[in-house]
Every structure is written in C-alpha cells, then in structure tokens.
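Working notes for the structure below.
2 protein chains.
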Amino acid sequence: MSDLLDRLRQRGWRMTAQRRVVAEVLDGEHVHLTADEVLARATVRLPEISRATVYNTLGELVSLGEVTEVATDGRAKRYDPNAHRPHQHLICSHCGAIRDVHPAGDPLADLPDSERFGFTVSEVEMTYRGLCPDCNHA
Amino acid sequence: MSDLLDRLRQRGWRMTAQRRVVAEVLDGEHVHLTADEVLARATVRLPEISRATVYNTLGELVSLGEVTEVATDGRAKRYDPNAHRPHQHLICSHCGAIRDVHPAGDPLADLPDSERFGFTVSEVEMTYRGLCPDCNHA
DNA sequence: TCCTACGATGGACCAAGTCCAAGTCAATAC
DNA sequence: GTATTGACTTGGACTTGGTCCATCGTAGGA
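Here you go:
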C-alpha cells in the first residue's frame, strides 16, 4: 500500500490528504469500484472531499498506469487497482458481479495481419459474460 | 434489407413508419452508429420522429438479437447491425474509428475451468485497441 | 516562514439515456 | 369500409455520470 504512495511521490506527485485517501481506498479494496463508490468511501475518512477531486485523481492514476478503467457497459466506469498484473474480466450478465480472470494464450497473436487494416494494435481487452453461480440457481 | 423487415413482422412486430425507418437506417449503413446518429439519419426521412422512439426501437432490436450494442468506452453506445456474423472490434484509441475483425481461435476455449469460478460462461467480447493509419501518421 | 504554483472546491453545466401521461394509429374483427 | 383497441409514439421533464471553471487553499522548496 505505501508502495503505491511511494511510487506516486517518486513521480513528483504532490501528496495531498485527498489524493492519499483516494489512493488508499482503491488500494485497499480488491473489487472494482465506480467513481461514486470511491467518493463515498473517501468521504468517510475525509468528509470535505469533492467529487471533482475524486474524478481528477482517478484520471491521474489512470494516466500514470496505476489503475485501469473498465467500461463494462453503458453504466458508470469502474476502476481496477490491479493494473500491474495483466488480466481480463468475467462479468455476470444478471447481477453485474466482476471477477478478474487470466485466459491462456496470447489474444494479440490471434489477430492476423490481414485483419489489422493498417492499425498499430497495442492492446486487447476481453470480457467474458455469463451467469454467476448465485444467479444461475435463482 | 426487406429480409430484416420480414423477420421483424414475422415475430409479431407492429410495423410503424418509425420502426421501419430506424431499421432501414441501421441496415443500410455498415458503420456503427450512435443513437444520436441514428436519430439524425432517421429525421431526414421522417422529421417528426422522436428521440424516445429511436431509443425504444434500438432496445427492441437488441433484445431480438438483430443488432448488438457496443459500449466502446464511456461515450455513447454504438449499434452494430452485423449481429449474425460473430466478430470482434478494433478501435482507434485516438479518433474512435471502429472496424469489425475476425480473430483466429476460440477465445472461450482459452478460459480454463479453474478460472471460471462456477460461472456459466456464454460469450466473450474482445476489443483490440491501437492507432489507425491516419492517427498514426499525424 | 514565506511564496507560489499546483491542487481542491462546489456549483453550474453537459451529454446520454430513461420515464411518463397523453395522444395516435396498425392490425384485427365485423 | 368502419369500428375498436391495445400497442406505439410523442415531447418534455428527469436522472445519471461526468466535465469545467473561477476562486480559494496548501505542499513543499528556498
């Protein structure tokens, strides 16, 4: 945890109370929170924190590569603190639960040159969908 | 084109001028339009059509499996009329251009049982990202 | 301890999408 | 051809998720 804060400081981040709280919230939870959920948890520790600051800080963490944005559907983006281990997502189509998964193989290699249309392809994002055990039984 | 309209009628769709126009707009274009773009094109042919109707109709086409929704990022959803041929998407991270692509291999098979957490996994959606030729040179 | 540029604030604003009460009309029945 | 009716459409208000900006506050260097 203080690893994250250290890394940020080393990159010249000005360490404010607000940024610390946002970083700690993300780092502490291993689920994928929405910006509003981050705000709610941050507010517990630092009641005056503003929505704009949470958005700013999340945006900065994303561009620093410390967290990744997951746009699961048309709803709110979720923020995934587990950015250093490449992984994909498995989402329950019914209740929206998300799990990190690690498929075998290299999906980038599965896209032949003839299907790249001159693009410089740099990443691939896979979303598996299905029913989680709970929703499957119900 | 009238294939689509026939299929819809056979499923008990009440064929109104509005629905016909929306279906024709989607069927005519082989790009991936946003709801607003569909509305704009529909308005050319049928000026009184309302936004709510376009959203309703798109939603119905999606649940009938005739078009698929593509939530590329936090922006507006796009509607993909090419729902009958399975395919994935390649998106330019800079300008947002989308192309349909057909990767080799079966991504569902790449997810081992140990990574399924009891889910009944039914589909996978892959999004390749990179720079299109135009944005790469600029 | 003082300065100052970087960061935080909150309230207005925006875009995408949903909801709803009232009006309209496609398809069936006669 | 006309009547009937329930499904469809309308448009405007509303909601959600997010951005912008002028102003104020403060972290961290000198």
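Keeping their order, the protein sequence lines are chains A and B.
In short: position in the first sequence from 1, add 11, done, that's this note's numbering.
In short: position in the second sequence from 1, add 11, done, that's this note's numbering.
From the three backbone atoms N, C-alpha and C, an ideal C-beta is built for every residue, glycine too.
8 Å Cβ cutoff, residue i in contact with chain A
i	result
G85/B	yes
L101/B	yes
L44/B	no
D11/B	Absent from the structure is residue 11/B, since the part of chain B shown begins at 12 and ends at 149.
V92/B	Checking the sequence shown, residue 92/B turns out to be Pro, not Val. Output row for P92/B: interface = no.
Spatial distance of residue i from residue j (CA atoms)
i	j	result
I109/B	P58/A	42 Å
E7/B	C146/A	Chain B is shown only over 12 to 149; residue 7/B falls outside these bounds and no answer can be derived.
R52/B	V73/B	19 Å
V153/A	G23/B	Beyond the ends of chain A as shown, which are 12 and 149, falls residue 153/A; an answer cannot be given.
D124/B	H98/A	16 Å
P114/A	L119/B	9 Å
E71/B	G76/A	39 Å
H105/B	Y90/B	20 Å
Chain B contact for residue i (CB, 8 Å cutoff)
i	result
Y47/A	Strictly speaking, residue 47/A in this sequence is Asp, with Tyr absent from that position. So no, D47/A is outside the interface.
G116/A	yes
L69/A	no
G141/A	yes
M12/A	Because M12/A carries a pLDDT of 49, less than 50, the predicted location of this residue cannot be relied on, and no value is offered for it.
Residues near residue i in its chain [Cβ-Cβ closer than 6 Å; skip 5 each side]
i	result
L101/A	R110, V112 and Y139
Residue i, DSSP secondary structure in three states
i	result
C146/B	helix
R89/A	strand
S104/B	coil
R25/B	coil
D17/A	helix
D111/A	strand
R140/B	strand
R30/A	helix
**Message:** As an exercise, report each continuous alpha helix (DSSP H) stretch of at least 4 residues that is fully enclosed by the stretch 38-82 of chain A, in chain order.
**Reply:** With a minimum length of 4 residues, the continuous alpha helix (DSSP H) runs that stay inside the stretch 38-82 of chain A are 46-56 and 62-74.
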